[in-house]
Amino acid sequence: MTDNNILLSVQDLKVYFRSADACARAVDGVSFDVRKKETVCIVGESGCGKTVSALSILGLVATPPGEIIDGRIVFAGQNLLELGEKEMQKIRGNHIAMVFQEPLTSLNPVFTIEDQISEAVRIHKKVETESLHEKCIQLLKDVGISDPEQRLEDYPHQLSGGQRQRVMIAMALACDPDLIIADEPTTALDVTVQAQILELFGAIQTKQSMSIVYITHDLGVVAAIADRVYVMYAGMITEQGNAEHIFRNARHPYTQGLLASLPSLSKRGKRLYSIPGAVPDPAYKPAGCPFHPRCPHKAPSCHTEYPNMCDYGQGHLARCPILFQDKGRHI
Amino acid sequence: MVSFIGRSFVQKIITLFFVSIVSFLIIHLAPGKPSQVDPMNPKFTPEVVERFRKEFHLDKPLYVQYVYFYQDLFTGKTVSWKDNQSVLKKIWERFLNSLPLFIVGTLITWTLSFPVGIRSAISREGLYDRTATFLSYLLISIPGFFFAYVLIIFVVTRFHVPVIGMETFGIGDASTPFILMDRIWHMLLPSLLGASGGIAVLSRYVRSQMLEVEGQDYIRTARAKGLPPEQVHYKHALRNALLPFVTMFGLILPGLIGGSVIIESIFSWPGMGRMAYEAILARDYPIILTVNFVSAVLVLIGTFISDLLYLIVDPRIRL
Amino acid sequence: MTLNETPVAKNFHVQEPLAPKRTRMEEFWRLFRQNRLAIMGLFIFILFFCCAITGLFLTWGSKPVFDPSLVRLEEKLRPPFSKPNLDLLEPDQVPTLNFYLMGTDDLGRDVFSRMLQGAWVSLTVGFVAVGISVLIGIFMGGIAGYFGQHYFKIDQILWTLFLVSGTGLIFLGVTRLGTALLLLCLAYIVYAVLTRHRFREKATPKRRSMFHINAVSVDTLIMRIVDIMLCFPSFFLILTVVAILPASIYNIMIVIGLTSWMGTTRFVRAEFLSLREQDFVAAAKALGIGNLRIIFRHMMPNSVAPVLVSATIGIASAILTEAGLSFLGFGVPPPHATWGNILSDGKNFIFDAPWLTFIPGITILIVVLSFNLFGEGLRDVLNPKLRERH
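Residue numbers (the working numbering), protein chains in the order written: chain S, 399 to 729; chain U, 384 to 702; chain R, 13 to 402.
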């Protein structure tokens, strides 16, 4: 079923990291789609493979020790994994742009802001120097930085964290990409700044009509901006669907555990819940369902059979056959 | 900026002062007297020895000697005890001999190390990297004089390149291009030898700096922007990796005086290293102390320049 | 399933994680093992160590198994693997094993025995010199890094100065002035100790408080000392001191050690400066742990990495320096053999007896190379920034 609305389609991606004596299966059969003009959130704890998935889209995974074993990443009709380095360079920054987590270390300390923003434009588009400067100023205004002329001549260390992240966003927007991948862009920032950045993303999306893949571990952020959600655990998607479905009616024990761990007023006076156990080492995953050692609903079959996705309708899928069988009992 | 320069300058002067005291003490407090003053030396009668002692104030207490020495030094009157020539003149002559060797050696070192180091870092663990690493280790570990002899044997038996001394004996009035060629031949081996160790060490350092920088997040950002690899490596990575080397540049200066004693001995090159060596053997205090002093001055100027360069080059440091 | 229900079932037991547990040493060894060059370096080093120790025993005493100082002028400059002329030699002059494994030198001495004897010298020079320099370096660097912000007060500087110059002058023979200074210094110390309590509650009077001004910080002082030492070109300094002191193996070791501690000091100071700001130090202080214990038990193990690397490489350079000194004639005096000696003796016969140059030269090369490889391997393993991202 071809859907003209799908901008990016990641199909069964497998990325492994080999070291001398172990093989870490960081991304183990991940599939997700991004449609035009939508915000997709990928949620998961640290180490579940969400960053590696994002980096694989742009071909930025270090190839020793990492290796893309299998899968297809289809963007604008092409499989990105089959493209050579030169063709990928034309896509990076131009059609697909990325915003990283740590704004201070992600900006080159010895170049000015203007230098770094205009670089991508100079490479991808033919723009004269005059209008380049104007464009940079406009970009900074779009991301909400005050006094843009002065900021352009500053160096990264002279800006605050929030400003740096805005500059990163401006850099990503410089070539009018179709897709922006944001890898936990607000994790390193204060909560108030975080709210502003989220607002900024919302505004950009409306104005420029681009798609956003937003990677985060914060369910609050997901609730604020996501159209659709993919929940990842130990290198695989455990649940996917509309944000509303996920929040109201989570169908995978992991998602349920995540939601239950959120503090809320109704839980006052009670002990906070946390999912027992720990995330498995990507090189030493349990057999069968990776979540089963920590799962309150586990059955003997969970130890031996790898679970497939179960369809709950309207695009809501969850990778837990046990709960799927029980679904008649709960609404 | 000005206050930094001022403070730095004052601190360096104080350091220089202490260096002068320490070197003076070491030389004079050590056992053994200068050969000229040694009563055991059969060449000198007791009267000559006494006259010598009076002339050079050796009978006065140490602090008086110190004042006399440095007074003479700054007015240019210090005189070598071996052959009564002015120390500064001797140093200057030898310095001019050492200079071409030093310049050629440094040029070779710096121009070769960077490409090798950078390429090693970019092709990490590749064939180029492994070969370069192996050769570097070899060059660092080989004893200098051993390597010199191996080279000499090889070069002399194969290419018949003149090796010993600064110029061929008896070249006298030959035409200028001939003299020039001769000089170049003679300079070839010593400077290569001097440069080899330097290239090995410097290229390893360049490599490790590049590797460290290449692992940083902003390189990943640069690639994510779709920049071609040349721009990523040579614009983004290099500019950051080069920062410490700019400061090292200032520290080359002391190498002027260093002049390798060993290389100059082997090739009979009349340079500063050998002069210092002979002065030590003969306990020629003025020369030793002057060379020491000049070297200390160069080190301090060198560190000063490198501090300054670091200020200029790194935008994160602004005073 | 609503948000409020906790989904924990009764009798819930979590499985243990599956990854193997490794201690730090095991992890370190596993990483180190992957660097084949470094393993080779370590192997050669162990080989060298064994050779040196056995060599020491085999050449020790007046009737050693391999005699390094037995002069046989009839047998001079014989190539390696050659058989001795039995009719020219007395029975006790015949070399062990009945042939010259590495030939003889210009005095007919067995080169193999001399190499064995020299191995021990090189080993000792390397380790002792580096040991001294590392000890001094750690001490100076640790103090500068940890107590860096403490200031020396003017009165402390003054009485130290008096103490030092007093003793110095006494040694130099100016007894009266020297004793006077010492007495002054002693008097001041006594006065300060006795009146310390009296001034604690009341405000110190103007004249006394002048002596409490901060003069120079510990950090600045130590770094200036390092700068002064750095002003002397190193080989030149060693040369000077070695030429002036009587030549003996101990003097050489001590001198090399005393002139190469500056690098270690810088490393240790840098590590301490960054470690000091870390939370584990603050936690230790909050628990009331004393300064010394914090330095030695908590901070030192964390800063040992660059010291270890520079120590290994320092051993290599100490061996090279000793060889260089021997070459120039300042090394260990004859008849004791060192590798530098053999090389230097051989330089006169380079065309007639190339083995005299090549054998020690290549041996030094291999041993020094192995140390360097080992040191670099250590550096790669201990420095997380240079490792491949796993």
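From the three backbone atoms N, C-alpha and C, an ideal C-beta is built for every residue, glycine too. On a predicted model such as this, the values are computed, not experimentally measured, just so you know.
Just the chain U side, please: which residues come within less than 7 Å of residue i by C-beta, in chain order?
i	result
Ala-518 of chain S	Lys-608 and Gly-609
Ala-328 of chain R	Ser-524
His-555 of chain S	Arg-699
Val-380 of chain R	Ser-524
Leu-800 of chain S	Past the boundaries of the shown model lies residue 800 of chain S; chain S is included only from 399 to 729, so the question cannot be answered.
Met-707 of chain S	None at all; the shortest Cβ gap to chain U is about 31 Å.
Verify the CB distance criterion: does residue i have a CB-CB separation below 9 Å to chain R?
i	result
Ala-515 of chain U	no
Ile-523 of chain U	yes
Phe-452 of chain U	no
Gln-448 of chain U	no
I'd like to know if residue i contacts chain U, where contact means its C-beta is closer than 9 Å to some C-beta of that chain.
i	result
Lys-523 of chain S	no
Phe-498 of chain S	yes
Phe-339 of chain R	yes
Ser-451 of chain S	no
Pro-313 of chain R	no
Ala-294 of chain R	no
Thr-584 of chain S	no
Ala-580 of chain S	no
Ala-495 of chain S	yes
Pro-462 of chain S	yes
Asn-360 of chain R	no
Run down chain R in chain order and give the residues with a C-beta less than 9 Å from the C-beta of residue i.
i	result
Thr-359 of chain U	Here chain U has residues from 384 to 702 only, and residue 359 of chain U is not among them.
Asn-480 of chain U	Within 9 Å Cβ-Cβ: nothing; Asn-480 of chain U doesn't reach chain R, min ~17 Å.
Phe-407 of chain U	By Cβ distance, chain R contributes nothing, its closest Cβ being about 12 Å from Phe-407 of chain U, past 9 Å.
How would you list, in chain order, the residues of chain U whose beta-carbon sits under 9 Å from the beta-carbon of residue i?
i	result
Pro-507 of chain S	Tyr-601, Asn-623, Asp-697, Pro-698 and Arg-699
So the candidates are the options; which of them puts its Cα closest to the Cα of residue i?
i	options	result
Val-533 of chain U	R:Val-202, R:Gly-153 and R:Leu-377	R:Leu-377
Lys-395 of chain U	R:Met-37, R:Leu-198 and R:Cys-243	R:Cys-243
Phe-407 of chain U	R:Leu-68, R:Ala-282 and R:Val-253	R:Val-253
Val-379 of chain R	R:Leu-332, R:Leu-206, R:Gln-161 and R:Pro-318	R:Leu-332
Met-311 of chain R	R:Glu-102, R:Ile-51, R:Val-293 and R:Ile-327	R:Val-293
Gly-491 of chain S	U:Leu-490, U:Leu-594 and U:Ala-605	U:Ala-605
Pro-593 of chain U	U:His-616, U:Val-538, U:Tyr-601 and U:Leu-575	Before going on, a small fix: residue 593 of chain U reads as Met here, not Pro. Looking at the Cα atoms, U:His-616 is the closest of the given residues.
Lys-683 of chain S	S:Lys-539, S:Tyr-631, S:Ile-521 and S:Asn-477	S:Tyr-631
Ile-523 of chain U	R:Gly-387, R:Asp-392 and R:Val-393	R:Gly-387
Tyr-668 of chain U	U:Leu-399, U:Gln-448 and U:Thr-559	U:Gln-448
Gly-336 of chain R	R:Leu-320, R:Val-319 and R:Thr-350	R:Thr-350
Ser-391 of chain U	U:Asp-697, U:Arg-699, U:Ala-620 and U:Leu-683	U:Leu-683
Phe-497 of chain U	U:Leu-399, U:Tyr-588 and U:Ile-567	U:Tyr-588
Leu-626 of chain U	U:Asp-565, U:Ala-607, U:Pro-560 and U:Leu-694	U:Leu-694
Asp-625 of chain S	S:Lys-434, S:Gly-427 and S:Glu-582	S:Lys-434
Phe-485 of chain U	U:Thr-673, U:Gly-656 and U:Phe-687	U:Gly-656
Count the other CB atoms, across all protein chains shown, that sit within 10 Å of the CB of residue i; report buried if there are 16 or more and exposed otherwise.
i	result
Gly-300 of chain R	exposed
Glu-213 of chain R	Because the pLDDT of Glu-213 of chain R is 49, which lies under 50, any placement of that residue in the model is unreliable, and the number read from its coordinates should be weighed accordingly. Label assigned to Glu-213 of chain R: exposed.
Lys-668 of chain S	exposed
Tyr-704 of chain S	exposed
Gln-712 of chain S	exposed
Any C-beta of chain S sitting closer than 9 Å to the C-beta of residue i?
i	result
Thr-604 of chain U	yes
Glu-508 of chain U	yes
Pro-612 of chain U	yes
Leu-572 of chain U	no
Leu-626 of chain U	yes
Residues of chain R with CB under 7 Å from residue i, in chain order?
i	result
Ala-659 of chain U	Phe-248
Phe-401 of chain U	Ile-240
Which residues of chain S have a Cβ atom closer than 7 Å to the Cβ of residue i, listed in chain order?
i	result
His-619 of chain U	Asn-506
Does the distance between the C-beta of residue i and the nearest non-hydrogen atom of the ligand PLP fall short of 8 Å?
i	result
Tyr-511 of chain U	This structure simply doesn't include the ligand PLP, nor any ligand for that matter.
Run down chain U in chain order and give the residues with a C-beta less than 8 Å from the C-beta of residue i.
i	result
Thr-503 of chain S	Gln-599, Asp-600 and Tyr-601
Counting only Cβ-Cβ distances shorter than 9 Å, please list the residues of the stretch 475 to 492 of chain S near chain B, keeping chain order. In the structure shown, chain B cannot be found, because the protein chains are S, U and R.
Kindly provide the ranges of any alpha helix (DSSP H) runs that are 4 or more residues long and lie completely inside the stretch 139 to 199 of chain R, ordered along the chain. If we require 4 residues or more, the alpha helix (DSSP H) runs fully inside the stretch 139 to 199 of chain R come out as 166 to 184.
In chain order, which beta strand (DSSP E) runs of at least 3 residues are fully inside the stretch 414 to 490 of chain S? The stretch 414 to 490 of chain S contains these whole beta strand (DSSP E) runs: 421 to 433, 437 to 441 and 464 to 473.
Within the stretch 59 to 83 of chain R, note down every full beta strand (DSSP E) run reaching 3 residues or more, in order along the chain. none
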